[in-house]
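Reviewing the structure listed below.
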Amino acid sequence: MIWNEKIECASRDEMAAVQSERLIQTVQRIYHNIPSYRAKMQEVGLLPGDIKSIEDLKNLPFTNKTDLRDNYPFGMFTVPMSEIVRVHASSGTTGKPTVVGYTRNDLNMWAEVVTRTLCMAGVSRDDIVQIAYGYGLFTGGLGMHYGTENLGATVIPISGGNTQKQIQLMQDFGTSVIACTPSYALFLSEVMADMGIAPEDLNLRVGIFGAEPWSEGMRKEIEAKLKLKAIDIYGLSEVIGPGVSCECEHQVGMHINEDHFIPEIINPDTHEPVEPGQVGELVFSTVTKEGIPILRYRTRDLTRLIYDKCECGRTLVRMEKCKGRSDDMLIIRGVNVFPSQIETVLLEMSETEPHYLLIVERQGTLDVLKLMVEVQEQFFSDEIRVLEKLKKKITHNLQSMLGISVDVKLVEPKTIERTAGKSKRVIDNRKI
Amino acid sequence: MIIKQVSVFLENKSGRLNEVTKILGEAGVNISAFTIADTSDFGILRMIVSDADKACSALKEKSFSVQTTDVVLAKTPNKAGSLSKLLEVLQQEEVFIEYMYAFSMKDEGAVTVIRPTRVERCLEMMQKHKTELLGTDELYQL
Ligand SMILES: [Zn+2]
Numbered sequence: 001m002i003w004n005e006k007i008e009c010a011s012r013d014e015m016a017a018v019q020s021e022r023l024i025q026t027v028q029r030i031y032h033n034i035p036s037y038r039a040k041m042q043e044v045g046l047l048p049g050d051i052k053s054i055e056d057l058k059n060l061p062f063t064n065k066t067d068l069r070d071n072y073p074f075g076m077f078t079v080p081m082s083e084i085v086r087v088h089a090s091s092g093t094t095g096k097p098t099v100v101g102y103t104r105n106d107l108n109m110w111a112e113v114v115t116r117t118l119c120m121a122g123v124s125r126d127d128i129v130q131i132a133y134g135y136g137l138f139t140g141g142l143g144m145h146y147g148t149e150n151l152g153a154t155v156i157p158i159s160g161g162n163t164q165k166q167i168q169l170m171q172d173f174g175t176s177v178i179a180c181t182p183s184y185a186l187f188l189s190e191v192m193a194d195m196g197i198a199p200e201d202l203n204l205r206v207g208i209f210g211a212e213p214w215s216e217g218m219r220k221e222i223e224a225k226l227k228l229k230a231i232d233i234y235g236l237s238e239v240i241g242p243g244v245s246c247e248c249e250h251q252v253g254m255h256i257n258e259d260h261f262i263p264e265i266i267n268p269d270t271h272e273p274v275e276p277g278q279v280g281e282l283v284f285s286t287v288t289k290e291g292i293p294i295l296r297y298r299t300r301d302l303t304r305l306i307y308d309k310c311e312c313g314r315t316l317v318r319m320e321k322c323k324g325r326s327d328d329m330l331i332i333r334g335v336n337v338f339p340s341q342i343e344t345v346l347l348e349m350s351e352t353e354p355h356y357l358l359i360v361e362r363q364g365t366l367d368v369l370k371l372m373v374e375v376q377e378q379f380f381s382d383e384i385r386v387l388e389k390l391k392k393k394i395t396h397n398l399q400s401m402l403g404i405s406v407d408v409k410l411v412e413p414k415t416i417e418r419t420a421g422k423s424k425r426v427i428d429n430r431k432i
Numbered sequence: 433m434i435i436k437q438v439s440v441f442l443e444n445k446s447g448r449l450n451e452v453t454k455i456l457g458e459a460g461v462n463i464s465a466f467t468i469a470d471t472s473d474f475g476i477l478r479m480i481v482s483d484a485d486k487a488c489s490a491l492k493e494k495s496f497s498v499q500t501t502d503v504v505l506a507k508t509p510n511k512a513g514s515l516s517k518l519l520e521v522l523q524q525e526e527v528f529i530e531y532m533y534a535f536s537m538k539d540e541g542a543v544t545v546i547r548p549t550r551v552e553r554c555l556e557m558m559q560k561h562k563t564e565l566l567g568t569d570e571l572y573q574l
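Sequence lines, in order, name chains A and B. My numbering puts the first residue of the first sequence at 1, with every later residue one more than the last. My numbering puts the first residue of the second sequence at 433, with every later residue one more than the last.
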């Protein structure tokens, strides 16, 4: 079923007309309500009236994650707080979180786009949907929740964790759809096996997996182990949360709800739009949001857009599975980690710049972060307990900064490879 | 007399100790005594060598983390109960020990390398109780 056939199957011209009209209004509102973005427009000599259609989108300045952080907490909101009915915050860990606010209309729009994505995934009101994304400041749980209710399916709002109970309820309630991170889906399958429960004992049919990068190989594994169709969903809180885009049953790229979120692909170095169909950095402009509309937000995710009509009948543009990041951010168990944060922790503990190497590995179904730190003169002590204490302190300080545990290993100086004087700081062995 | 012990940070992986001994051999430094303190992923090699400064610079050149630590070398007769006697003295005088290791040489007696929390006090107390102490040169001649 296609939830909103009129717009999801609109012609390119119809879509462009809707987008242009909404973009013009959004630019007006942002220009008059957000001083920091107005200043950016003035810097390049742009007035709101200069934006006449989506053709002019490429002339607008970008919005970066730092803009949200610099205006913490509510500086990017374009409506008074009396209009804001909910806030969410990203799990990002560099200093302050990025806060987003939603008006009543925003929440309705969000529910609508999530409902569309559920329909893309083949979910209907007859389904029982177990939402195992975290409920709270993270957008995953509540975002999926209201979209599922809006569809009319039955929601099991179990939130994350408590794996045995998750499986118990799947069995008792006849859960047909599971929504969680792909790594958690694999973990669920392992615990199921330990409990002696086969996928055939369950009623699972569809899995909606997102909030972290995952590969086609992982998709095959999940589909084989849980005996369901694994659907990729994409979203980020700065744009709305889950529901920005989602695969349909054909699993050939994620349809973007582009009447609300206009995508562009740019070259991350030159900032120019790439040739159609080329890989580059995904940039979003929200054109219906009231609380915190955002123009040309740089997601740092690398992908490409596919404009061909899909077999499902939708004309909504598709984005391929993200191929990586244009910055060095890592997503570990749903948490954003920047190598610069690790540097900060290590610098706080010594006078000189430490050499380190971050290794991300997927052990079974869990992402593990290993940190190798060179024991240079400034760290070295003749006593084991002093070194053990140093190791504990690094582990503890990283844990409190990142919110996730890091396996610290002390290594000899110069064991970490230097490339052109600077050490290569991150190795991602997850093969995703 | 205070002796400079050379300490080296080592990862727990094969060939590292050999690498150190090779470097010292090439630098013409003799190792009189050594011990390794280890954990699951790293260790500290502690050595009494013929030339601590030379050993340090040779190892630093090869990027090892190196440190010198002041230790005391006590000589005890090679017979039962002599180490106990030495420890009793230290305990009595409240000299606390971070770590120690020893080696014995058939006829000349046993040598104990001691890293006390306070080196000066340890020396003073040993002298007071007439414990025989060793200098590097003497050790090297053994
Ligand atoms: Zn489709």
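Beta carbons are placed, not taken as given, at the ideal position from N, Cα and C, and that holds for glycine.
C-alpha of residue 264 of chain A to C-alpha of residue 428 of chain A: approximately 27 Å in a straight line. Excluding residues up to 5 positions away in sequence, 88, 90, 100 and 139 lie with their Cβ nearer than 6 Å to the Cβ of residue 237 of chain A in the same chain. By the beta-carbon neighbour count (other beta carbons within 10 angstroms, threshold 16), residue 213 of chain A is buried. Taking all protein chains shown into account, residue 466 of chain B has 16 or more neighbouring C-beta atoms within 10 Å of its C-beta and is therefore buried. The beta-carbon of residue 413 of chain A is placed less than 8 Å from the nearest beta-carbon of chain B. According to the DSSP assignment, residue 183 of chain A belongs to the alpha helix (DSSP H) that extends over 182 to 194.
In terms of CA proximity to residue 547 of chain B, B:533 leads the group B:569, B:533, B:524 and B:457. Distance from the C-beta of residue 12 of chain A to the nearest heavy atom of ligand 1 is not below 7 Å. As the crow flies, the alpha-carbon of residue 304 of chain A is around 52 Å from that of residue 476 of chain B.
Going by DSSP, residue 172 of chain A is part of the alpha helix (DSSP H) stretching over 163 to 173. Under the Cβ distance rule, residue 473 of chain B counts among the residues neighbouring chain A, one pair being separated by less than 8 Å.
According to DSSP, residue pairing for residue 330 of chain A in a beta bridge involves A:337.
In the DSSP assignment, the residues bridged to residue 534 of chain B are B:544. Residue state for residue 479 of chain B is assigned as strand, using DSSP reduced to three classes.
About 6 Å separates the CB atoms of residue 261 of chain A and residue 286 of chain A; that is less than 8 Å, so the two are in contact. Straight through space, the alpha carbons of residue 145 of chain A and residue 24 of chain A are spaced by roughly 31 Å. Around residue 524 of chain B, no beta-carbon contact reaches into chain A at under 8 Å, the shortest distance being about 25 Å. The beta carbon of residue 191 of chain A is closer than 8 Å to those of 163, 164 and 167 in its chain, skipping five residues each way along the sequence. Counting only heavy atoms of ligand 1, the residues whose C-beta sits closer than 6 Å to one of them are, along the chain, A:248, A:250, A:255, A:310, A:312 and A:314.
By alpha-carbon distance to residue 55 of chain A, the top candidate from A:250, A:19 and A:430 is A:19.
In the DSSP assignment, residue 557 of chain B falls within the alpha helix (DSSP H) that extends over 551 to 560. Listed along the chain, the chain B residues whose CB falls inside 9 Å of the CB of residue 363 of chain A amount to none; the nearest CB is some 17 Å away. Taking residue 271 of chain A as the centre and dropping the five residues before and after it, the same chain places the C-beta of 62 closer than 8 Å to its C-beta, in chain order. Per the DSSP secondary-structure output, residue 474 of chain B pairs in a beta bridge with B:443.
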